[in-house]
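Residue numbers (the UniProt record's numbering), protein chains in the order written: chain C, 1 to 267; chain D, 1 to 285.
Taking it in order: structure first as structure tokens, then the write-up.
Structure, rendered in structure tokens:
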């Protein structure tokens, strides 16, 4: 090992693990002793990581309250940063909360961290153009049954057993902390970006069935069949139209394909 | 925006007086750019796939000459250079065509761990060889000379054989790169290590200095902490005058990283820099 490499590894341990450096590595003097000098780097490391996490996990901070700082410190202790961009340091926080005591006994925290992180990653995901209602009018009537929607790649759907989105909403609006509710059945929250704005909202049960099918590439006829499980025939048609309009207006649809033999067209 | 200013330091332009671009001032700066002549952007903030950061960046690019300033190159690390990082840096440089690209003479991590700090190097021949070879590789990848900035430091190493300024000068000469001289960092390190900031300035080759940073610090109990979250101190303004006398006309900017005041306050600091420097420069001319 080179001398430079040895010095860097010893400094790394001195900052991360707060280990004493071997003597004569760093100079202490009458201005400050070695420990005071190293303390600047130790403090800076923790401060910067905490600061980065606080910016990304505002819903989690709202949910956890006063123990949030402790939670962040335990994550920092367990997970040295590996990415060159500090903004990505939070990528492992949800997984950490899923296995680390005492937080693993509160699954709402993992849910919350996942939602915060989904919102964070949607913010600077790749740009995609979205389609409007007018563009859908080019689809010939015969092609609708086989139509397959292409949805924004930044769209994420999270399964929640708690009202986690309410905590994030409270954080975004600087509102009072809501009461935690546990659902009897799983709920879905979708996160997506429309133009430059990140949105999130809970999905209705029938909407999730249809949206999930669309994300898997099922044709439009199959989406309608799924709605028919929830509604009678005429209501299902109206609901499909309403959902399609809602998704288009939300910028969720970036294209579609259908059997080219019917019109030779795709978007 | 096309750069039409005069040139110095071997073909890079002189940009005048600028600011570090920060989210907190986006709207105010577009609404009233005042006498801000150029902007320095933090490279990593825009090395993203899409979204709002790049939209804002494009807006500023239409209005101002830009330079890129990174914090994660880790030029002194004994870990291999991060090829993914370099590719993204090169792609951003290709996108916005900055007047120049800079980072710091430091290491930010080792063994795959990132400390997100500007860690000082031991100033040894071994470290010098290591840094010079890596700067050359980065410059080959980016197809341009880069600027390296002196960092504020709180430790110095018993192994060091050179002064910091001799080390920086040697890196610049041997790797044929340029220098971003942070006047505040010179002051902070001088106070923390007990050397003369004027010796530092005298040790830096004038032909290599392409940019100045001016910033503020916090006085700790024993050490001065480089927080970049306060107005430029009187001691740093005095040192800036010495730097202008020694290095002449160098693109100068105020760098504020936290505790952001209204934009007007930073503009006033920038105007103060101009008011201090221009009479000296005109006398010299």
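Even for Gly, the Cβ is constructed at its ideal location relative to N, Cα and C.
All figures in this text were calculated on a predicted structure; none of them were measured in a lab.
State the beta-bridge partners of residue 253 (chain D) as determined by DSSP. For this step, residue 253 (chain D) is matched to residue 253 along the second chain. For residue 253 (chain D), which the question treats as bridged, DSSP gives the partners D:18, D:213.
Cβ pair residue 257 (chain C), residue 148 (chain C) closer than 7 Å: Residue numbering aside, residue 257 (chain C) sits at position 257 when the first chain is read from its first letter. Residue numbering aside, residue 148 (chain C) sits at position 148 when the first chain is read from its first letter. Yes. Within cutoff.
Who does residue 224 (chain C) pair with in a DSSP beta bridge? Residue numbering aside, residue 224 (chain C) sits at position 224 when the first chain is read from its first letter. BP columns for residue 224 (chain C) are empty, so no partner.
Residue 159 (chain C), DSSP secondary structure in three states: Translated into the one-based positions of the first chain, residue 159 (chain C) becomes position 159. Here residue 159 (chain C) sits in strand by DSSP.
Residue interval of the alpha helix (DSSP H) (run including residue 47 (chain C)): As a position in the first chain, residue 47 (chain C) is number 47, starting the count at 1. Counting along the chain, the alpha helix (DSSP H) containing residue 47 (chain C) begins and ends at 34–56.
Candidates D:174, D:96, D:82: which alpha carbon is nearest residue 132 (chain D)'s? Locating residue 132 (chain D) in the second chain gives position 132, where the first residue counts as 1. Per the Cα distances, D:174.
Whole beta strand (DSSP E) elements within the segment 182–227 of chain D, 3-residue minimum: 209–214
Judging by CA-CA distance, which residue of C:217, C:232, C:199 is the nearest neighbour of residue 276 (chain C)? With chain C covering only 1 through 267, there is no way to say anything about residue 276 (chain C).
Helix, strand or coil for residue 177 (chain D)? Go by DSSP, reduced to three states. Counted from its first residue, the second chain places residue 177 (chain D) at position 177. Residue state, collapsed to three classes: coil.
Shorter than 7 Å from the beta carbon of residue 114 (chain D) to some beta carbon of chain B? Here chain B cannot be found, since the structure's protein chains are C and D.
Thinking just about the alpha-carbon of each residue, which of C:20, C:239, C:61 is nearest to the one in residue 208 (chain C)? The sequence position of residue 208 (chain C) within the first chain is 208, counting from 1. If we check each option's Cα against that of residue 208 (chain C), C:239 comes out closest.
Is residue 44 (chain D) close to chain C, meaning its C-beta is less than 7 Å from at least one C-beta of that chain? Here residue 44 (chain D) is taken as the residue at index 44 of the second chain, counted from 1. Output row for residue 44 (chain D): interface = yes.
What are the boundary residues of the beta strand (DSSP E) that residue 117 (chain D) is part of? Here residue 117 (chain D) corresponds to residue number 117 of the second chain, with the count starting at 1. Per DSSP, residue 117 (chain D) belongs to the beta strand (DSSP E) from 113–119.
Have a look at D:21, D:154, D:24 and flag the residue whose alpha-carbon is nearest the alpha-carbon of residue 26 (chain C). Walking along the first chain from the start, residue 26 (chain C) turns up at place 26. Cα-wise, what sits closest to residue 26 (chain C) is D:154.
CB contact flag (residue 152 (chain C), residue 128 (chain C), <7 Å): Taking the first residue of the first chain as position 1, residue 152 (chain C) is located at position 152. Taking the first residue of the first chain as position 1, residue 128 (chain C) is located at position 128. Yes; because the gap between Cβ atoms is below 7 Å, this pair is in contact.
Quick one: Cα of residue 78 (chain C) to Cα of residue 112 (chain D), how far? Within the first chain, numbered from 1, the residue matching residue 78 (chain C) stands at position 78. Within the second chain, numbered from 1, the residue matching residue 112 (chain D) stands at position 112. Those two C-alpha atoms are separated by around 15 Å.
Check this for me: beta carbons of residue 53 (chain C) and residue 92 (chain C), under 7 Å apart or not? Position 53 of the first chain, counted from the first residue, corresponds to residue 53 (chain C). Position 92 of the first chain, counted from the first residue, corresponds to residue 92 (chain C). Against a cut-off of 7 Å, the Cβ pair of residue 92 (chain C) and residue 53 (chain C) comes out as no contact.
What residues are listed by DSSP as bridge partners for residue 157 (chain D)? Walking along the second chain from the start, residue 157 (chain D) turns up at place 157. Note: residue 157 (chain D) sits in a beta bridge opposite C:26.
DSSP on residue 104 (chain D), reduced to helix/strand/coil? Taking the first residue of the second chain as position 1, residue 104 (chain D) is located at position 104. Three-state DSSP puts residue 104 (chain D) in a strand.
Residue 137 (chain C) versus residue 194 (chain C): straight-line alpha-carbon distance, rounded: To locate residue 137 (chain C), count along the first chain from 1; it is residue 137. To locate residue 194 (chain C), count along the first chain from 1; it is residue 194. Each residue's alpha carbon lies about 21 Å from the other.
Under 7 Å Cβ to Cβ from residue 166 (chain D), same chain only, skipping five residues before and after it: list those, please. Your numbering for residue 166 (chain D) matches position 166 in the second chain. The answer, listed in chain order, is 203.
Neighbour list for residue 192 (chain D) in chain C, Cβ cutoff strictly below 7 Å: In the second chain, the residue the question calls residue 192 (chain D) occupies position 192. Correct list: 31.
Using the Cβ count rule (16 or more neighbours within 10 Å means buried), how would you classify residue 200 (chain D)? Counted from its first residue, the second chain places residue 200 (chain D) at position 200. By the 10 Å Cβ count, residue 200 (chain D) comes out buried.
Simplified DSSP assignment, three categories, for residue 25 (chain D): Your numbering for residue 25 (chain D) matches position 25 in the second chain. Residue 25 (chain D) falls in the helix class under three-state DSSP.
If distances are taken between C-alpha atoms only, which option among C:102, C:130, C:213, C:192 comes closest to residue 248 (chain C)? Walking along the first chain from the start, residue 248 (chain C) turns up at place 248. Comparing Cα positions, the closest option is C:130.
Identify which residue in C:47, C:185, C:203, C:155 has its Cα closest to the Cα of residue 251 (chain C). Counted from its first residue, the first chain places residue 251 (chain C) at position 251. Nearest of C:47, C:185, C:203, C:155 to residue 251 (chain C), Cα basis: C:155.
Do we get a CB-CB distance below 7 Å when we pair residue 158 (chain D) with the residues of chain C? Looking up residue 158 (chain D) in the second chain gives position 158. Taking Cβ atoms only, chain C reaches closer than 7 Å to residue 158 (chain D), which makes this a yes.
Rounded C-alpha distance that separates residue 118 (chain D) from residue 221 (chain C): As a working note, residue 118 (chain D) is residue 118 in the second chain. As a working note, residue 221 (chain C) is residue 221 in the first chain. Cα to Cα, the separation comes out at about 58 Å.
Could you tell me the boundaries of the alpha helix (DSSP H) in which residue 11 (chain C) lies? As a first step, residue 11 (chain C) is located in the first chain; it is residue number 11 there, counting from the start. From DSSP, the alpha helix (DSSP H) with residue 11 (chain C) extends over 3–16.
Who pairs with residue 190 (chain C) in a beta bridge, going by DSSP? Here residue 190 (chain C) corresponds to residue number 190 of the first chain, with the count starting at 1. Paired residues: C:157, C:201.
Can you check which of these residues, D:46, D:50, D:137, D:72, is closest to residue 98 (chain D) by C-alpha distance? Translated into the one-based positions of the second chain, residue 98 (chain D) becomes position 98. It is D:46 whose Cα lies nearest to the Cα of residue 98 (chain D).
Got a sec, what are the start and stop residues for the alpha helix (DSSP H) residue 63 (chain D) sits in? As a position in the second chain, residue 63 (chain D) is number 63, starting the count at 1. Start and end: 52–63.
Where does residue 13 (chain D) sit, in a helix, a strand or coil, going by DSSP? Residue 13 (chain D) sits at position 13 when you count from the first residue of the second chain. It is a strand residue.
Would you mind sorting residue 55 (chain C) into buried or exposed? The rule is 16 or more other CB atoms within 10 Å of its CB. Residue 55 (chain C) sits at position 55 when you count from the first residue of the first chain. Residue 55 (chain C) comes out exposed.
Does DSSP put residue 287 (chain D) in a helix, a strand or coil? Missing from the structure shown is residue 287 (chain D); chain D here goes from 1 to 285 and no further.
Check residue 69 (chain D) in the structure and name its three-state DSSP category. Numbered from its first residue, the second chain carries residue 69 (chain D) at position 69. If DSSP states are grouped into helix, strand and coil, residue 69 (chain D) belongs with the strands.
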